[in-house]
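Counting in this note's numbering, the sequence shown runs from 11 upward without gaps.
One structure below.
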Amino acid sequence: MRFFVATFMFVASLFPVGALADDAQGTITKIDEDNSTITLDDGKIYKLPGEFDLSVIEKGMKVTLMFDVVNKERFITDIEETQE
């Protein structure tokens, strides 16, 4: 029985429910410290991870984001400055 449960949990972990991973590139047009979000030049809002150091980003910075979509919200999983 334990083997069955362990196997089921392993297989279930391979298929996350309700989360879609994606990426985006753009220029930061707004940083909302109160809501821990940034807005890119495409108008989309992205939620920053908890305990994120806001001093490493600034308005006008070109970035590449990796994010997950959960309940129609975009949660950033990785952010890097883009050199163009």
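Yeah, the Cβ is synthetic: ideal placement off N, Cα and C, and Gly gets one too.
Here the structure is a predicted model, which means the values were calculated and not measured.
So what's residue i in DSSP terms, helix, strand or just coil?
i   : result
L58 : coil
Should residue i and residue j be called a contact, given that it needs their Cβ atoms to be closer than 8 angstroms?
i   : j   : result
A31 : D88 : no
V73 : E91 : yes
L75 : I67 : no
Given this structure, state the Cα-to-Cα distance separating residue i from residue j, to the nearest angstrom.
i   : j   : result
E43 : Y56 : 12 angstroms
I38 : I48 : 7 angstroms
K40 : G53 : 9 angstroms
K69 : G36 : 11 angstroms
The beta strand (DSSP E) with residue i in it runs from where to where?
i   : result
K72 : K72 to V80
D88 : E83 to E91
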